[in-house]
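The structure under discussion appears below in the form of structure tokens.
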Amino acid sequence: MTMTNDELQAAARRHLWMHFTRLSSYADHDVPVIVRGQGAYVYDQDGKRYLDGLSGLFTVQVGHGRTELAEAAAKQAAELAYFPLWSYAHPSAIELADRVASLAPGDLNRVFFTTGGSEAVESAWKLARQYFKAIGQPERWKVVSRDIAYHGTTMGALSITGVPAMKTAFEPLVPGAIKAPNTNFYRAPEHGDDLEAFGVWAADEIERAMLREGPETVAAVFLEPVQNSGGCFTPPPGYFARVREICDRYGVLLVSDEVICAWGRLGHYFAAERYGYQPDMITTAKGLTSGYSPLGALITSDRLIEPFLDGTETFLHGITFAGHPVSSAVALANLDVFAREDLTGHVRSHEPMFRAELEALRDLPIVGDVRGDGFFYGIELVKDKQTRETFNDDESERLLRRFLSPRLFEAGLICRADDRGDPVIQLAPPLICGEEQFAEISGILRTVLEEAWKQI
Ligand SMILES: Cc1ncc(COP(=O)(O)O)c(C=O)c1O
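For the sequence shown, position 112 matches number 1470 in our numbering, and the numbering has no gaps at all.
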């Protein structure tokens, strides 16, 4: 690095367009510049240490500073830095497809690589459309997804996304993206006292959405195993079994969007395993390489590839950098670490300890709900615990954006204060974390949330 700290600040303000960032907030604050990472921690330009409670962006499963992954990247770049998967193949993508197929649930064994999550979601919708055209059901092209769910930012994926504030600036979006309620039991509009009955209601709402549109026009349902946006909405018992039945009844494909939930986040390679359902497609990215290089994937089955195996039919879709040799080599090294260190087992055995640390925060007046599974939790903040009253826009702005986000960072914890739904703090630490980091996370949260309560 050749720039001084001051030069980095000046150049960041002048030239770098940060994503989903209100740039004006850095007019009188430094841009946080992270320069290195080790294990569960990252360090800024002044050498200050932070616990990475969000794994970068739900991504760095094996933790920072793994030289083995860096070496795999260097070795691959020296041998074959780039070649496309358009008509050609290269050994790393082939080996990785084989490895992913061996880990994916049930009959999912065909891997279409992308460079990230939005492209995986986009690819899934495009495949569903072309597949149905190829098998003589051209009227099936719509998709159902859930309110407040985030599925990415490209126009198709953004249409599937259910966060209105992220969409209005880009309307009109892709037609045919229908919304159904999510599984926010804390704010259940029906059956708020009976989780299973709520799950039946929420699954049936998907069916009702299909029936309103005409189920013969619906190609796919896109669901996250645990919905991130809104704050870790877990599936009620029986929910996915019922959604699966509904999809089968109407010949609709079930897409499990595991961009966050796969790769150990919920204690399994794929979260569909945890909740016991078989999707027709899985979309994934992030933790596949632990973020050491960008990569995403759409995983599907012999059934969906079948029309493309004979004759002239071709899936008319591709991305220059998808399945990049360096990223594929990194993913293979990443999955070696997973296997050697049994990271999925580590998450399963340490989940109760992490959950207990966070559950203990329920005694704070501002903590309304703590929810999630594995190493993936949301803490919903409320103005009144008894009535579950939430904060209005002004209070949310003051509390989340102006106070909590900078204060948590200053206190040495990177996590996310999110108001895409009701205000939540999101946590998804690297999968190597244990007792020490859990205590550190809950200690910082307790101090800062107590301060926040005094600010209201
Ligand atoms: C469930 C889900 N789908 C899709 C995406 C989009 O992924 P990307 O940012 O890699 O395009 C995300 C990103 O967080 C996600 O959480």
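Where a beta carbon is used, it is the ideal one built from N, C-alpha and C, also for glycine.
Relative to ligand 1, even the nearest heavy atom lies 8 Å or more away from the CB of G1514.
Here W1559 is actually not in contact with E1571; their C-beta atoms are around 19 Å apart, not less than 8 Å. In this structure, the C-beta of S1476 approaches ligand 1 to less than 8 Å from one of its heavy atoms.
When Cβ pairs closer than 8 Å are counted between the two stretches, the stretch 1655-1669 is seen not to touch the stretch 1579-1595, the count staying below three.
When distances are taken from the beta-carbon of L1612 to the heavy atoms of ligand 1, even the shortest one reaches 8 Å or more.
Placement of the Cβ of V1782 at a distance of 8 Å or more from every heavy atom of ligand 1 is found. CA-CA distance, K1484 to D1404, rounds to 46 Å.
E1798 places its beta carbon 9 Å or farther from that of L1766. In this structure R1498 touches V1576 by the C-beta definition: roughly 6 Å separates them, less than 8 Å.
According to DSSP, residue pairing for H1422 in a beta bridge involves G1397. Spatial neighbours of L1807 in its own chain (CB-CB distance under 6 Å, excluding positions within 5 residues in sequence) are listed in chain order as L1722, I1724. Of the heavy atoms belonging to ligand 1, at least one sits nearer than 8 Å to the Cβ of Y1508. Beta-bridge analysis with DSSP links L1656 to F1470, T1641. In terms of Cα proximity to D1742, the closest of G1703, V1400, W1811, F1378 is W1811. Around the Cβ of F1528, a 10 Å sphere holds fewer than 16 other Cβ atoms; the residue is exposed.
Counting the other Cβ atoms within 10 Å of the Cβ of E1554 gives fewer than 16, which makes it exposed. Contact between the stretch 1656-1665 and the stretch 1463-1477 is established, with three or more Cβ pairs separated by less than 8 Å. Using a Cβ-Cβ distance cut-off of 8 Å, the stretch 1432-1442 and the stretch 1633-1644 are not in contact, since fewer than three pairs of beta carbons, one from each stretch, lie closer than that value. Secondary-structure assignment with DSSP links Y1735 through a beta bridge to G1730, L1785.
The beta carbons of F1712 and F1796 sit about 5 Å from each other, so the pair counts as a contact at 8 Å.
For the pair A1428 and L1374, the Cα-to-Cα distance works out to about 25 Å. For V1501, the uninterrupted beta strand (DSSP E) run begins and ends at 1500-1504, by DSSP. The way I'd put it, the stretch 1410-1417 does touch the stretch 1783-1791; three or more beta-carbon pairs between them come closer than 8 Å. By the C-beta criterion, the stretch 1578-1590 is judged to be in contact with the stretch 1476-1496, since at least 3 inter-stretch pairs fall below 8 Å. Taking 8 Å as the upper bound for CB-CB distance, G1732 and V1705 are in contact here, some 5 Å apart. Pairing D1615 with A1455 gives a Cβ-Cβ distance that is not under 9 Å.
The three-state secondary structure of E1548, taken from DSSP, is coil. Here F1416 is near V1617, since their CB atoms are less than 9 Å apart.
Within the same chain, Cβ atoms closer than 8 Å to the Cβ of L1531 are found at M1513, L1516, S1517, K1525, the five residues on either side in sequence being excluded. Taking 9 Å as the cut-off, the Cβ atoms of Y1544 and R1746 count as close.
When V1695, V1502, L1624 are compared, the shortest CA-CA separation from Y1608 is found for V1502.
If you draw a 10 Å sphere on the C-beta of S1707, you find fewer than 16 other C-beta atoms in it, and that means exposed.
Linking A1567 to T1541 through their CA atoms gives a straight-line distance of about 15 Å. In chain order, K1741, I1814 place their CB closer than 8 Å to the CB of E1753, counting only its own chain and leaving out the 5 sequence neighbours on each side.
DSSP lists no beta-bridge partner residue for R1600.
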